[in-house]
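A.B. asks: Residue numbers (the working numbering), protein chains in the order written: chain A, 379 to 668; chain B, 4 to 375. One structure is given below, represented as structure tokens, and several questions about it will come after.
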Amino acid sequence: MKLSIERVSKEYGAKRALDNISCELTEGVYAFLGANGSGKTTLMRILASVARPSSGRVLLDGVDIEVLDERYRDMLGYLPQHMGYYKNFTVEKFLMYIAALKGIEMPKAKAKVDELLQAVSLQDEKRTKVGKLSGGMKQRVGIAQALLNDPKIIIVDEPTAGLDPKERIRFRNLLSTIAADRIVLLSTHIVSDIEYIAKELLILKRGALIKKAEPQLLLEDLKDKVWTVLASPNEIAAWQASYKVSSMLVRENGTELRILSESKPAPHAAEAIPNLEDLYLHYFDEEAAK
Amino acid sequence: MKSLLKFELYKIFRQKSIYAVYVLLLALIMISLNAQQAVNNSAYYKDWEGTLTAEKYSQAEAAYSELMKAENEKASWSNEARMQAAVFETIDTVRRLDETNKYSVEFLPGYLTQLEKKTFEYRKNALVLRMLENVEVNKLYYHKAPAEMIDFVNIFGTMLSGALILIGLAPIFSNEYMSGMDQFQLSSRHGRRIGVRAKIAAALIYTSFVIVVWQLFNFVHRIVVYGNGGWQTPLQQIFQYRAAPYDYDLLTFIFVQLGMHALGAFGFALIVLLISAWCRHTMMSIVLSGAVYAFPIAITVFFKIELGKYEDILDFTYTNVMRITSLFAEFKVINLFGLPVLYPYVAIVVMAVLSIAATMLLFYTMKRREVA
Chain A
379 MKLSIERVSK EYGAKRALDN ISCELTEGVY AFLGANGSGK TTLMRILASV
429 ARPSSGRVLL DGVDIEVLDE RYRDMLGYLP QHMGYYKNFT VEKFLMYIAA
479 LKGIEMPKAK AKVDELLQAV SLQDEKRTKV GKLSGGMKQR VGIAQALLND
529 PKIIIVDEPT AGLDPKERIR FRNLLSTIAA DRIVLLSTHI VSDIEYIAKE
579 LLILKRGALI KKAEPQLLLE DLKDKVWTVL ASPNEIAAWQ ASYKVSSMLV
629 RENGTELRIL SESKPAPHAA EAIPNLEDLY LHYFDEEAAK
Chain B
4 MKSLLKFELY KIFRQKSIYA VYVLLLALIM ISLNAQQAVN NSAYYKDWEG
54 TLTAEKYSQA EAAYSELMKA ENEKASWSNE ARMQAAVFET IDTVRRLDET
104 NKYSVEFLPG YLTQLEKKTF EYRKNALVLR MLENVEVNKL YYHKAPAEMI
154 DFVNIFGTML SGALILIGLA PIFSNEYMSG MDQFQLSSRH GRRIGVRAKI
204 AAALIYTSFV IVVWQLFNFV HRIVVYGNGG WQTPLQQIFQ YRAAPYDYDL
254 LTFIFVQLGM HALGAFGFAL IVLLISAWCR HTMMSIVLSG AVYAFPIAIT
304 VFFKIELGKY EDILDFTYTN VMRITSLFAE FKVINLFGLP VLYPYVAIVV
354 MAVLSIAATM LLFYTMKRRE VA
């Protein structure tokens with residue numbers, strides 16, 4: 379299975395949200411990394427067929443998804459960034475409704491709903507109205523609905539927003555388990571969500587795809603550019619003014635700053651192994667500073 | 004489709020506002036109807052019921068003269084005498100209607116000979132002649148119940164259908180956009196086609212429900228107040244339909260009226276769905292759909308715009324098709340390539356074309372729809 383994005387652009391009036399994006403995706407987890415307004419959500423919406431490109435096209439195994447139409451959407455599981463719901467529907471009714479939209483027969487849908495409620499630990503809430511659930515619970519309902527039809531292509535936009543750390547780990551594990559024979563597209567700000575499961579990272583900036591590679595290859599680019607220095611409290615401000623500081627860790631003998639720098643920033647600086655947070659800071663330093 | 008239809012029906016019927024508005028409007032209508040004099044006068048008609056012959060006409064005339072003579076000698080007319088007089092006046096009206104009809108049937112063949120055949124004018128007059136030949140108005144029954152049932156549709160029925168279609172159906176798509184549910188629908192297998200079909204089916208079922216409920220209310224209320232009878236009375240005995248060339252008794256006309264009203268209401272429901280699919284906000288959807296509904300009333304009543312020879316176009320608006328009266332009240336035809344086509348048939352075609360167009364446009368809209 380191959381999903382090809384061919385020269386896709388999207389304009390909203392004068393604003394260009396996506397600029398000539400091209401790439402190919404096969405089975406595995408792909409993580410879209412980008413700051414707010416980078417075009418992640420727009421691209422995911424196009425892939426989820428809830429938006430259409432202004433130019434370019436998306437092909438599944440060589441066939442335009444607009445031509446595939448229902449057949450494409452039948453393979454899709456989509457969790458949007460801001461999940462909609464009917465506040466007066468119970469969790470079970472909501473999922474049964476989505477199952478009906480996905481064309482799942484009633485008895486099969488019932489069994490699938492029960493199975494997924496178990497998987498997202500919401501079996502005790504099946505009779506609760508969706509409007510009464512916490513943000514994290516609603517997000518779990520959203521995850522369950524995306525998986526109802528055993529989709530071959532899963533598109534999840536900021537899926538871990540609102541989940542507590544335990545739920546995030548569960549979701550991560552769930553995704554990596556099911557990703558073997560599926561294309562999973564995930565966008566997030568939380569880099570730890572994708573650290574161990576992403577087959578490739580797609581880095582978007584101002585609507586353009588600036589990098590697409592395996593995480594390790596991207597981290598290779600940062601080799602010799604990440605450093606740690608020990609600083610006294612009155613030196614921290616000066617370091618922050620001069621360098622991109624990705625993290626600070628208070629130690630017994632001072633504060634350890636993690637710094638991105640093309641060259642060794644100080645004689646006592648030690649080279650560190652780059653991680654995805656460094657990578658994020660490297661590409662999106664202004665947004666990270668916000 | 005079946006399970007989606009159930010969900011769509013559930014979503015429509017669980018809106019509390021439709022029940023609140025329905026009950027409120029029916030209560031107001033009930034108050035308005037009870038404010039009128041509502042008495043069953045069927046007993047006064049018993050002796051005269053059936054086909055009115057020349058003999059019965061003379062008997063009625065004689066009885067009326069006698070009554071006038073007796074009552075005019077008193078200081079004032081008794082209630083009973085007034086009721087009896089009303090019966091005689093009705094008989095006299097029927098006689099005049101019958102005479103007018105007979106005159107037309109006798110006059111038209113001669114007039115046709117003066118017209119050139121195969122012209123629109125000739126065909127139009129030949130058609131009205133054929134229709135009038137079948138009309139028999141000389142029957143008398145106490146028909147207050149069916150007459151009031153028919154009258155209800157013109158104002159109250161149309162108001163109830165319009166208001167409830169607006170409230171119940173204007174949110175059908177726009178609410179999905181506002182709640183964010185459109186993201187799931189548009190990305191799902193059935194969201195853009197079968198889902199839309201289910202919404203249309205649910206909307207039409209809801210519209211039927213609205214009509215059936217007020218028609219039941221109308222039927223029961225009229226029967227209780229005026230008694231069960233008069234169904235076989237000719238349509239022409241209702242004041243608005245005196246000039247109607249249609250050979251209907253009141254029972255038949257009630258069904259014709261119901262069918263025509265339903266056609267207009269279904270057409271209006273479909274246009275409301277289309278507007279809802281275009282509007283991101285329910286309020287905007289209600290306002291725009293309301294404007295479509297109020298259009299003919301606004302033109303003629305509020306803005307008093309003179310449309311001249313185009314005024315009859317308003318007869319084919321959703322609201323006026325639902326009201327029906329202007330379609331059947333007199334002999335009105337359009338000239339279709341030299342052929343006269345009666346207004347009710349034109350209305351059926353207009354409603355069918357508008358409904359098909361609205362449905363196709365709705366499917367097209369939802370096929371192309373993008374989330375905001």
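Even glycine gets a Cβ: it sits at the ideal position worked out from N, Cα and C.
How is the alpha helix (DSSP H) around glutamate 52 of chain B delimited, first residue to last?
C.D. replies: First-last for glutamate 52 of chain B: undefined, no H or E at that position.
A.B. asks: Fully enclosed by the segment 181–244 of chain B, which alpha helix (DSSP H) runs are 4 residues long or longer?
C.D. replies: DSSP runs (the alpha helix (DSSP H)) wholly in the segment 181–244 of chain B: 185–190, 197–229.
A.B. asks: Should threonine 419 of chain A and serine 565 of chain A be called a contact, given that it needs their Cβ atoms to be closer than 8 Å?
C.D. replies: A contact, by the Cβ cut-off of 8 Å.
A.B. asks: If we require 3 or more residues per run, which beta strand (DSSP E) segments fall completely within the segment 576–641 of chain A?
C.D. replies: If we require 3 residues or more, the beta strand (DSSP E) runs fully inside the segment 576–641 of chain A come out as 578–583, 586–591, 604–609, 622–629, 632–638.
A.B. asks: In whole angstroms, what separates the C-alpha of glutamate 402 of chain A from that of isoleucine 532 of chain A?
C.D. replies: About 15 Å.
A.B. asks: Using three-state DSSP, classify glycine 417 of chain A as helix, strand or coil.
C.D. replies: Three-state DSSP puts glycine 417 of chain A in coil, outside helix and strand.
A.B. asks: What is the DSSP secondary structure of leucine 438 of chain A, reduced to helix, strand or coil?
C.D. replies: Note: leucine 438 of chain A maps to strand in three-state DSSP.
A.B. asks: By DSSP, does proline 343 of chain B sit in helix, in strand, or in coil?
C.D. replies: Strand.
A.B. asks: Can you name the start and end residues of the alpha helix (DSSP H) that leucine 118 of chain B belongs to?
C.D. replies: Segment: none, leucine 118 of chain B is in no alpha helix (DSSP H) and carries neither H nor E.
A.B. asks: Which ranges does the alpha helix (DSSP H) cover as unbroken runs of at least 4 residues, wholly within the segment 504–581 of chain A, from first to last along the chain?
C.D. replies: Complete alpha helix (DSSP H) runs here, min 4: 513–525, 543–556.
A.B. asks: Using CA atoms only, rank isn't needed, just tell me which of B:Ser79, B:Lys59, B:Ala84, B:Leu55 is closest to glutamate 69 of chain B.
C.D. replies: If we check each option's Cα against that of glutamate 69 of chain B, B:Ala84 comes out closest.
A.B. asks: Per DSSP, what are the beta-bridge partners of isoleucine 337 of chain B in this structure?
C.D. replies: Note: isoleucine 337 of chain B sits in a beta bridge opposite B:Val344.
A.B. asks: In terms of DSSP beta bridges, what is glutamate 649 of chain A paired with?
C.D. replies: According to DSSP, glutamate 649 of chain A bridges with A:Trp605.
A.B. asks: Against histidine 193 of chain B, what residues of chain A qualify as contacts under a CB-to-CB distance less than 8 Å, listed in chain order?
C.D. replies: Near histidine 193 of chain B (Cβ distances below 8 Å), the residues of chain A are Glu448, Ala478, Leu479, Lys480, Gly481.
A.B. asks: Given this structure, state the Cα-to-Cα distance separating serine 624 of chain A from glutamine 517 of chain A, to the nearest angstrom.
C.D. replies: Distance between the alpha carbons of serine 624 of chain A and glutamine 517 of chain A is about 29 Å.
A.B. asks: How many whole angstroms separate the CB atoms of methionine 515 of chain A and leucine 500 of chain A, which I take to be in contact at a CB cut-off of 8 Å?
C.D. replies: Correct: roughly 6 Å between the Cβ atoms.
A.B. asks: Decide if the segment 232–248 of chain B is in contact with the segment 91–101 of chain B; the criterion is three or more beta carbon pairs, one per stretch, under 8 Å apart.
C.D. replies: Taking 8 Å as the limit for Cβ pairs, the verdict is that the segment 91–101 of chain B does touch the segment 232–248 of chain B.
A.B. asks: Please list the terminal residues of the continuous beta strand (DSSP E) segment that includes serine 382 of chain A.
C.D. replies: Run containing serine 382 of chain A: 381–390, per the beta strand (DSSP E) assignment.
A.B. asks: Note the first and the last residue of the continuous alpha helix (DSSP H) segment covering tyrosine 296 of chain B.
C.D. replies: Here the alpha helix (DSSP H) through tyrosine 296 of chain B covers 285–300.
A.B. asks: Would you tell me roughly how many angstroms separate the C-alpha atoms of isoleucine 34 of chain B and threonine 210 of chain B, rounded to the nearest one?
C.D. replies: Each residue's Cα considered, the two are about 25 Å apart.
A.B. asks: What residue range is occupied by the uninterrupted beta strand (DSSP E) comprising phenylalanine 410 of chain A?
C.D. replies: Residues 406–411.
A.B. asks: Using the beta-carbon count (16 or more within 10 Å), is aspartate 535 of chain A buried or exposed?
C.D. replies: Buried: at least 16 other Cβ atoms inside 10 Å.
A.B. asks: With a CB to CB cut of under 6 Å and the five nearest residues on each side skipped, what residues in its chain are close to tyrosine 67 of chain B?
C.D. replies: Excluding residues within five positions, the ones whose Cβ falls inside 6 Å are Phe91.
A.B. asks: Excluding the 5 residues preceding and the 5 following threonine 438 of chain A in the sequence, name in chain order all residues of the same chain whose CB lies nearer than 7 Å to its CB.
C.D. replies: Reading off the sequence shown, one finds leucine at residue 438 of chain A, where the question assumed threonine. So the list reads Leu381, Leu446, Tyr450, once near-sequence residues are dropped.
A.B. asks: Answer yes or no: do methionine 71 of chain B and tyrosine 47 of chain B have a C-beta to C-beta separation smaller than 8 Å?
C.D. replies: Contact flag unset, no.
A.B. asks: Skipping 5 residues on each side, what residues in its chain have a beta carbon closer than 7 Å to that of leucine 364 of chain B?
C.D. replies: The residues are Leu277.
A.B. asks: The alpha helix (DSSP H) spanning leucine 454 of chain A covers which residue range?
C.D. replies: Where leucine 454 of chain A is concerned, there is no enclosing alpha helix (DSSP H), although the beta strand (DSSP E) it sits in stretches over 454–457.
A.B. asks: List the residues of chain A that leucine 143 of chain B touches, going by C-beta distances under 7 Å, in chain order.
C.D. replies: By Cβ distance, chain A contributes nothing, its closest Cβ being about 56 Å from leucine 143 of chain B, past 7 Å.
A.B. asks: Could one say the Cβ of aspartate 528 of chain A lies closer than 8 Å to chain B's Cβ atoms, at least one of them?
C.D. replies: No, its Cβ sits nowhere closer than 8 Å to a Cβ of chain B.
A.B. asks: Straight-line CA distance for proline 543 of chain A to phenylalanine 549 of chain A?
C.D. replies: Those two C-alpha atoms are separated by around 10 Å.
A.B. asks: Tell me whether aspartate 154 of chain B sits in a helix, a strand or coil according to DSSP, three-state version.
C.D. replies: Aspartate 154 of chain B: helix per DSSP, three-state reduction.
A.B. asks: Need the endpoints of the alpha helix (DSSP H) that isoleucine 257 of chain B sits in, please.
C.D. replies: Note, isoleucine 257 of chain B: alpha helix (DSSP H), 253–281.
A.B. asks: Can you tell me which of A:Phe472, A:Ser433, A:Val386 puts its alpha carbon nearest to the alpha carbon of valine 491 of chain A?
C.D. replies: Of A:Phe472, A:Ser433, A:Val386, the residue nearest in Cα terms is A:Phe472.
A.B. asks: Does DSSP put asparagine 137 of chain B in a helix, a strand or coil?
C.D. replies: It is helical.
A.B. asks: In this structure, does DSSP put serine 400 of chain A in helix, strand or coil?
C.D. replies: Three-state DSSP puts serine 400 of chain A in a strand.
A.B. asks: Could you please give the first and the last residue of the uninterrupted alpha helix (DSSP H) stretch that includes alanine 166 of chain B?
C.D. replies: Unbroken alpha helix (DSSP H) run through alanine 166 of chain B: 161–172.
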